[in-house]
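J.: Take the first sequence: its letters are residues 1074 to 1283, numbered as in our numbering.
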Amino acid sequence: MTPLTLDEIYQKLSKHFGPQHWWPGDTPFEIMIGAVLTQNTNWGNVEKAINNLQAAGLLSFAAILNLPQDVLAEQIRPSGYYNMKANRLQNLLSKIEEEYGDLDCMLQQDLHSLREFLLSVKGIGPETADSIILYAAEKPIFVIDTYTHRILSHHELICPETDYNEMQELFMDSLPNETELFNEYHALLVMCGKNYCKKTKPKCAECPLS
DNA sequence: CCCCAGGCGTCCA
DNA sequence: TGGACGCATGGG
């Protein structure tokens, strides 16, 4: 049988799951912090870390930048890799301050220079960069993650060794260049991955794409 | 007890 | 360039 098209996948997921209202964060700053904290980490653990920061009154650019790194690490402990992530967060914020002065200025840059800057920051890879661009800066770029790879691979739209950039081009070459669509599509792929296309015990029979 | 989660940098061939 | 490995908590 012929593989699904990217458009058909979107239609099926959208019908099955409905609107996703992503990213789960209130402000661009909080979205950016969450994007770093969720690296290879369950979102539930990220929420615990963000709640710790919120409760301590530390969920701000200045607070996170200026906190002693070991104190920050302790606050974000539930998100895992906490020493590395404390370092990555402070490095990111200091680079933003150095390059742009503040977050709002960074978010107003054009997509290409923003992506180039983010990828130059140690600890920010393609997925984290693109998540910040799409969900915090609200500019049209398609975010790829392990779920995307697994779902495309499983439905034979790609071979397993396809890399990040190839998958991103696949989406962006065949879909209209719309922030809202890219936002919703990625959120739907994550929802589908979490519920049906898990690494172990996948529920393929119940998947809306099967 | 096991395995995994909305990655990334480093090292080594 | 690409595969292995470390980073680490909390949930199933």
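For each residue, glycine too, the CB sits at the ideal point set by N, CA and C.
At 4 residues or longer, what runs of the alpha helix (DSSP H) sit wholly inside the stretch 1218-1263?
T.: Qualifying alpha helix (DSSP H) stretches, in chain order: 1219-1227 and 1237-1247.
J.: Only counting the same chain, and skipping five residues up and downstream in sequence, which positions put a Cβ closer than 7 Å to that of Glu1200?
T.: Val1216, Ile1217 and Asp1218, listed in sequence order.
J.: Let's see if you can read the secondary structure: which residues bound the alpha helix (DSSP H) around Glu1167?
T.: A quick correction: the sequence has Ser, not Glu, at residue 1167. First-last of the alpha helix (DSSP H) with Ser1167: Tyr1155 to Tyr1173.
J.: With DSSP as the reference, label Leu1207 as helix, strand or coil.
T.: Here Leu1207 sits in helix by DSSP.
J.: Compare the Cα-Cα distances from Glu1172 to each of Asn1160, Leu1187 and Leu1162 and report the closest residue.
T.: Residue Leu1187 is the option with its Cα nearest to Glu1172.
J.: Given a cut-off of 7 Å, decide if Lys1158 and Ile1149 are closer than it, judged by their beta-carbon atoms.
T.: Yes, Cβ-Cβ distance for Ile1149 and Lys1158 is below 7 Å.
J.: If you draw a straight line from the C-alpha of Ser1152 to the C-alpha of His1228, how long is it?
T.: Taking the straight line joining both Cα atoms gives about 31 Å.
J.: What residue does the alpha helix (DSSP H) around Asp1143 start on, and which one ends it?
T.: Its alpha helix (DSSP H) spans residues Gln1142 to Gln1148.
J.: Where does Thr1201 fall in DSSP's three states?
T.: Reduced to three states, the DSSP call for Thr1201 is helix.
J.: Taking a contact to mean a Cβ-Cβ separation below 7 Å, would you say Ile1137 touches Leu1162 in this structure?
T.: In contact: Ile1137 and Leu1162 (Cβ atoms closer than 7 Å).
J.: Ends of the alpha helix (DSSP H) at Trp1116?
T.: Here the alpha helix (DSSP H) through Trp1116 covers Trp1116 to Ala1128.
J.: Quick one: residues in its chain with C-beta nearer than 6 Å to the C-beta of Tyr1258, no 5 flanking neighbours on either side, listed in chain order?
T.: For Tyr1258, where only same-chain residues beyond five positions count, the Cβ hits under 6 Å are Tyr1083.
J.: State yes or no: is the C-beta of Gly1130 within less than 7 Å of the C-beta of Val1119?
T.: Cβ distance not < 7 Å, so Gly1130 and Val1119 don't count as in contact.
J.: Looking at the structure shown, is Lys1267 part of a helix, part of a strand, or coil, going by DSSP?
T.: Lys1267 falls in the helix class under three-state DSSP.
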